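Trainee: In my numbering, the protein residues as written are 45 to 195.
Here a beta-carbon is modelled for each residue, glycine too, at the ideal position from N, C-alpha and C.
Because the structure is a prediction, the values reported are computed rather than measured.
1. Report the rounded CA-to-CA distance for residue 73 versus residue 65, giving the unit in angstroms.
2. DSSP three-state call for residue 93: helix, strand or coil?
3. Looking at the secondary structure, which residues open and close the beta strand (DSSP E) in which residue 24 lies?
4. Skipping 5 residues on each side, what residues in its chain have a beta carbon closer than 6 Å to that of residue 50?
5. Report the partner residues of residue 153 according to the DSSP bridge assignment.
6. Does the structure place the region 53-67 close enough to the region 79-94 that three or more beta carbon pairs sit under 8 Å?
7. Please confirm whether residue 96 and residue 109 have their CB atoms less than 9 Å apart.
8. Residues in the same chain with beta-carbon distance under 6 Å from residue 82, minus the five sequence neighbours each way, listed in chain order, please.
9. Please classify residue 53 as buried or exposed, where buried requires at least 16 neighbouring CB atoms within 10 angstroms.
10. Taking the C-alpha atoms as reference points, what is the distance between residue 98 and residue 84?
11. Report the residue from 137, 60 and 118 whose alpha carbon sits nearest the alpha carbon of residue 189.
12. Report the rounded CA-to-CA distance for residue 75 versus residue 134, giving the unit in angstroms.
13. Looking only at its chain, what residues have a beta carbon closer than 7 Å to the beta carbon of residue 86, apart from the 5 residues adjacent to it on each side?
14. According to DSSP, what are the bridge partners of residue 138?
15. Which residue's Cα is closest to the Cα of residue 77: 184, 128 and 105?
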């Protein structure tokens, strides 16, 4: 499953980047995050930052351990999580034009086990629609936070 959403934020990329890379305080920005604990924080780079995040999704709480696998400063970063026989990759990327920043979030899930592959085939379209809405809500939360707190 692959899902991609984006939103325009009326702030420069540097401000959006500062917000989306402040992982420790994301629960103050994204409404579905109810708890977050940093497990490993590299001294310099984002790559290797690892945290445990509890979200309320689809009416239930779910906790995932995630880590940043790739990053280019002020351009994008990728996270990875593995759970229930699947690998989840999320990429947040920025593009700025005339003081407006487009924030894009791409999510992909790859089934690793036979059970997950079967479930993905059956539930794919329903899950994709729900996931797209959840990602869009995250982006709307980020937009609201950045435009309000960085005025």
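Mentor: From the atom records:
1. The C-alpha of residue 73 lies about 12 Å from the C-alpha of residue 65.
2. Of the three classes helix, strand and coil, the one that applies to residue 93 here is coil, per DSSP.
3. Residue 24 lies beyond the stretch modelled for the chain, which goes from 45 to 195, so this question has no answer here.
4. Within the same chain, residue 50 has close Cβ partners 146 and 148.
5. Looking at the DSSP assignment, residue 153 forms a beta bridge with 132.
6. Yes: the two stretches touch, three or more of their Cβ pairs being nearer than 8 Å.
7. It is a contact, given that the beta carbons lie within the stated cut-off.
8. By the criterion of a C-beta distance shorter than 6 Å, residue 82 is surrounded in its chain by 68 and 95, once the five residues flanking it on both sides are discounted.
9. Flag for residue 53 reads buried.
10. Whole-angstrom Cα-Cα distance: 16 Å.
11. Among 137, 60 and 118, the Cα nearest to that of residue 189 belongs to 60.
12. Taking the straight line joining both Cα atoms gives about 18 Å.
13. Answer for residue 86: 92 and 93, listed in chain order.
14. Under DSSP, the beta-bridge partners assigned to residue 138 are 147.
15. Put simply, of 184, 128 and 105 the residue whose alpha carbon is nearest the alpha carbon of residue 77 is 105.
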